[in-house]
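Engineer: 0 is the number of the first residue of the sequence shown in numbering that gives the first Met the number 0; add one for each residue after it.
Where is the CB? At the ideal position from N, CA and C, for every residue including glycine.
So that we are looking at the same thing, I have put the structure below in structure tokens.
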Amino acid sequence: MYTFFKTKQWAAWAYLGGIGIILLLVAQTYCAVLLNEWYKNFYDILQSVELHTITEFWLSLATFMYIVMPYIVLISVTNFLSRMYTLRWRQAMADDMTNKWMNTDTNIEGASQRIQQDSERFAKIVGSLGTEIVKGIMVLIAFIPILWSLSNELDIPVIGCQPGSLVYIAICLSFFGIIVSWFVGYKLPKLEYNNQVTEAAYRKPLVHAEDNRSLTSKGFLYLRFKELRKNHETLFLHLSYFDLWASLYGQSIVIVPFLIGGIGLFKGILTLGMLVQISNCFSKVHESFSIVLNRWTAITELRSIYLRLTEFYKLMEEE
């Protein structure tokens, strides 16, 4: 699984490509900070139109375009490079797995699926999650100081005016969400693993039937699909529990900054621009702390794929 980082053949892509993605993410984060400051200034203009001119309004919109257009290009280039990076990682894994498999007589369940499909899904999910985690760390570095300073403007009920209160609230809510998600979705990895086993069992006779249809029967395929369907239905049931919790949690988080800052707005402590800036900063910081929660389904799938791949390599090593 880690041949991509250990061989000279892939070293340039593994390390230089990774550094390139990180630099692009740094540039994205810088644009996000500029946008956050723009939100404050723009909404302050809207709140106090009598103190500003229409020229200031148009200049503010022009500033938005100057920030957003490079931001869009950066996102597009980052996504392209990330996909190319993932494809190379997959090729490195597939080559390594094929070499080991071809040099042994060990009979491994779903070997073709593990080499072709599991390597593709593993590299894709790890690449996507890795990019999000790196970006999340950069967002935290950039936005935590901003959110910390904005906390000084708030007098939160019960807590009062405490330095960094918004940062602590974002951290606590994120860990609360992760802990609850762990209990709600603790059966998902095993169900996802079983799902791959039943998919492989159903696929194998179909592959054989491509060469000779007499090697299988409709009744046998029906039984295989019945097992597959049963596992899918159980998986979908547990996913529905998790989706219900994730949706409830996600929608509740949206109103938290307004619950906290709304009182300050009506008391005249905060401007509309500051409230929008607080909401944007809080969302950025919370999302970065909640990457595990937001991508729980993908992480669950990754854990099941990891089990299958480690099982594959273990059988190869035993041989």
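Taking the Cβ atom as the reference point for each residue, do I290 and G184 lie within a distance shorter than 8 Å?
Structural biologist: It is not a contact, given that the beta carbons lie outside the stated cut-off.
Engineer: Cβ of T62 within 8 Å of Cβ of W37?
Structural biologist: Going by C-beta atoms, T62 is nearer than 8 Å to W37.
Engineer: Mapping DSSP to helix, strand and coil, what is C280?
Structural biologist: C280: helix per DSSP, three-state reduction.
Engineer: Between the alpha carbons of F281 and L139, how many angstroms are there, rounded?
Structural biologist: If I take the Cα positions, the gap works out to 10 Å.
Engineer: Suppose you measure from the CA of L33 to the CA of I66; what does that come to, to the nearest Å?
Structural biologist: Going by the C-alpha atoms only, they are around 7 Å apart.
Engineer: On a Cα-Cα basis, can you pick out the residue from F56, L172, L301 that is closest to K39?
Structural biologist: Ranking F56, L172, L301 by Cα distance to K39 puts F56 first.
Engineer: Skipping 5 residues on each side, what residues in its chain have a beta carbon closer than 7 Å to that of Q46?
Structural biologist: If we look at Q46 and ignore the five residues flanking it on each side, its Cβ neighbours are T270, L271, G272.
Engineer: Please confirm if the region 92-101 is in contact with the region 72-79, defined as three or more CB-CB distances below 8 Å between the two stretches.
Structural biologist: No: fewer than three Cβ pairs fall under 8 Å.
Engineer: Could you tell me the boundaries of the alpha helix (DSSP H) in which H237 lies?
Structural biologist: Element bounds for H237: 217-266.
Engineer: Starting from Y14, follow the alpha helix (DSSP H) in both directions and report where the run begins and ends.
Structural biologist: Y14 -> no alpha helix (DSSP H), and no H or E assigned at all.
Engineer: If contact is defined by three or more beta carbon pairs under 8 Å, each pair taking one atom from either stretch, is the region 3-10 in contact with the region 224-243?
Structural biologist: With the cut-off at 8 Å, the region 224-243 and the region 3-10 do not touch.
Engineer: Would you call the CB atoms of V25 and F142 closer than 8 Å?
Structural biologist: No.
Engineer: For the alpha helix (DSSP H) that Q90 lies in, which residues bound it at each end?
Structural biologist: Segment 53-101, the alpha helix (DSSP H) holding Q90.
Engineer: What would DSSP say about I107, mapped onto helix, strand or coil?
Structural biologist: DSSP places I107 in coil when its eight states are reduced to three.
Engineer: Which one of I304, L149, S180, V76 has the shortest CA to CA distance from G19?
Structural biologist: Considering only alpha carbons, the answer is V76.
Engineer: In whole angstroms, what separates the C-alpha of I262 from that of Q112?
Structural biologist: Those two C-alpha atoms are separated by around 57 Å.
Engineer: Helix, strand or coil for P162, going by three-state DSSP, please let me know.
Structural biologist: Coil at P162, not helix or strand.
Engineer: Going by CA-CA distance only, name the one from I259, V196, S287 that's closest to G176.
Structural biologist: Residue S287 is the option with its Cα nearest to G176.
Engineer: Below 7 Å CB to CB, which residues in the same chain sit around M137 once its five sequence neighbours on both sides are set aside?
Structural biologist: Contacts found: L24, V25, T28.
Engineer: Specify whether the region 300-314 and the region 180-196 touch according to this definition: at least 3 beta carbon pairs, one from each stretch, less than 8 Å apart.
Structural biologist: They touch, by the three-pair rule.
Engineer: How should E49 be labelled, buried or exposed, when 16 other C-beta atoms within 10 angstroms of its C-beta is the threshold for buried?
Structural biologist: The residue is exposed, with fewer than 16 neighbouring Cβ atoms inside 10 Å.
Engineer: Mind checking which residues open and close the alpha helix (DSSP H) that includes S213?
Structural biologist: Note, S213: premise wrong, no alpha helix (DSSP H); not H, not E.
Engineer: Nearest to L86 by CA position, among V206, S127, F311, Q250, is which residue?
Structural biologist: Closest by alpha carbon: S127.
Engineer: Just reading off the alpha helix (DSSP H) that G126 is part of, what are its end residues?
Structural biologist: 118-150 is the extent of the alpha helix (DSSP H) around G126.
Engineer: Report the CB separation of G16 from Y84 in whole angstroms; it is logged as a contact under 8 Å.
Structural biologist: Sure, about 5 Å apart at Cβ, within 8 Å.
Engineer: Considering only the alpha carbon of each residue, which of F182, L264, T130, M92 lies closest to E119?
Structural biologist: Residue M92 is the option with its Cα nearest to E119.
Engineer: Whole angstroms is fine: what's the gap from L187's alpha carbon to S251's?
Structural biologist: When rounded, the distance between both Cα atoms is 24 Å.
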